[in-house]
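For reference, the structure is listed below as C-alpha cells.
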Amino acid sequence: MATISRRDGRTAREMRGKELRTSDLSQFDGSAWYSQGLTAVTVAINGPTAARQENYRRCTTCIHVNRAARIPQEGGTGRLIMMERRERERCEDGELKQFLASLVEAIVCLDRFPRCVLEAHVTVLMDDGALFAVASNAIMCALLDAGVPCRSTIAAVSLLMCNPEASGNEGEPEIFLDPTAVEESTDEVRSYASATFVLTNTGGEAVLASRVQARPRSSAYSRPITPKDLSRMFALAAKAAETLFVFFRNCSMALE
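For the sequence shown, position 180 matches number 180 in UniProt numbering, and the numbering has no gaps at all.
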C-alpha cells in the first residue's frame with residue numbers, strides 16, 4: 001500500500017502545534033486567542049448583559065463572525081477569482097456562525113439569565129484548515145475566561161478520510177488529523193471526506209455536534225462515506241479530544 005506523506009512532515013495522526021492566550025482584550029468580559037498551526041481565531045465575549053427589549057424569557061445569543069484579512073482588489077481574471085473566493089468565504093462564515101451559535105446554546109446555562117444577551121465576537125485571523133474546530137475551541141475558552149456558567153466543556157477536532165492508494169479505491173482508508181487548508185481543498189492527500197466532531201468533557205464519548213462533508217464528485221478520489229468511516233473518524237476524534245482537554249488544563253483553563 002502506498003503511504004501518504006504530509007507537506008509539513010506530520011504523521012497522519014499528529015496535530016499541529018497549539019497556542020492559547022486568554023484575557024488579552026480587557027474591554028470585554030472574556031476573550032481567547034487560540035491557534036492550531038497557522039489557523040488562528042480570537043473570540044471576545046460580552047455578557048450576559050441586560051437586553052434592550054425586556055420580553056426575553058431566556059438569554060439570547062448573538063454571534064458575530066468576521067475575517068481580519070481582507071482580500072485585495074484585482075482586475076481582469078484575478079478579480080473574478082477574488083470575487084469567487086469572497087463568496088465562498090461569505091458562505092463559510094454564515095455556516096460557521098450557525099455552528100457556533102448552536103454550540104453556545106447547547107453548553108451555556110441560558111435559562112439563568114432571562115432578559116439578557118450574550119454576545120460573541122469571532123475574528124478569523126488566519127484560516128489554514130480545521131477552521132470549525134479551532135473556532136469552537138476558541139469560543140469555549142473565551143466563555144470560560146468570561147466566567148459564563150456552562151453545562152459542560154467541549155473540545156473540537158477536524159479530520160480527513162483519505163484513499164490509501166493513488167491508483168484506486170481499494171484497501172483501508174487512512175485518517176488525517178487536523179488537516180491544513182491545502183489538504184482540505186485539493187487532492188494532495190487523496191481525501192474524499194472531511195469531518196469536525198465536538199465532544200464534551202463528561203468522561204465518556206459524547207458528541208455534542210458534528211459536521212461531515214464529502215468531496216465533490218469532480219474530485220479524483222471521490223467515494224461514498226460509509227458508517228465504518230464515520231465510526232473510525234469518531235474514535236480518533238475522541239482520542240484527540242482527550243489531548244486537547246489536557247492542553248487546556250495545562251493552560252489553566254477550568255474544565256471541571
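By construction, the Cβ of each residue, glycine as well, lies at the ideal position given by its N, Cα and C atoms.
Alpha helix (DSSP H) segment containing residue i, residue limits
i	result
E242	227 to 250
Distance between residue j and residue i (C-alpha atoms, nearest Å)
i	j	result
P179	Q27	34 Å
A32	N46	12 Å
C116	C251	30 Å
residue 269	R57	Lying outside 1 to 256, the shown extent of the chain, residue 269 is not represented and no answer is given.
Y192	E172	13 Å
R217	P224	10 Å
I4	A50	53 Å
A240	D24	27 Å
R67	S222	30 Å
R90	V65	10 Å
A12	L236	11 Å
F247	L177	17 Å
L131	T39	7 Å
T243	R249	10 Å
F245	S185	28 Å
T226	A214	11 Å
V122	G94	12 Å
Helix, strand or coil at residue i according to DSSP, with G and I counted as helix
i	result
N201	coil
M1	Interpretation of M1 is limited by its pLDDT of 45, a score under 50 that renders its predicted location unreliable; no figure is taken from the coordinates.
L208	strand
T77	helix
V65	strand
F28	coil
A193	strand
Y34	strand
8 Å CB neighbourhood of residue i in its chain, flanking five on each side removed
i	result
A142	T22, G30, S31, A32, V43, A44, I45, A120
T202	S152
I175	A12, R13, L159, L160, M161, C162, R232, M233, L236
Residue interval of the beta strand (DSSP E) (run including residue i)
i	result
V43	39 to 50
A181	Here A181 belongs to no beta strand (DSSP E); instead the alpha helix (DSSP H) covers 181 to 185.
E19	18 to 22
E174	174 to 177
Residues near residue i in its chain [Cβ-Cβ closer than 7 Å; skip 5 each side]
i	result
A133	A156, V157, S158, T196
E105	T61
Residue i beta carbon near the ligand SAM (any heavy atom closer than 8 Å)
i	result
R112	The ligand SAM is not part of this structure, which contains no ligands at all.
Proximal residues to residue i (C-beta, below 6 Å), its chain only, five neighbours per side dropped
i	result
L110	R58, C59
Could you name each continuous alpha helix (DSSP H) segment of 4 residues or more that falls completely within the segment 82 to 169, going from the start of the chain to the end? 131 to 145
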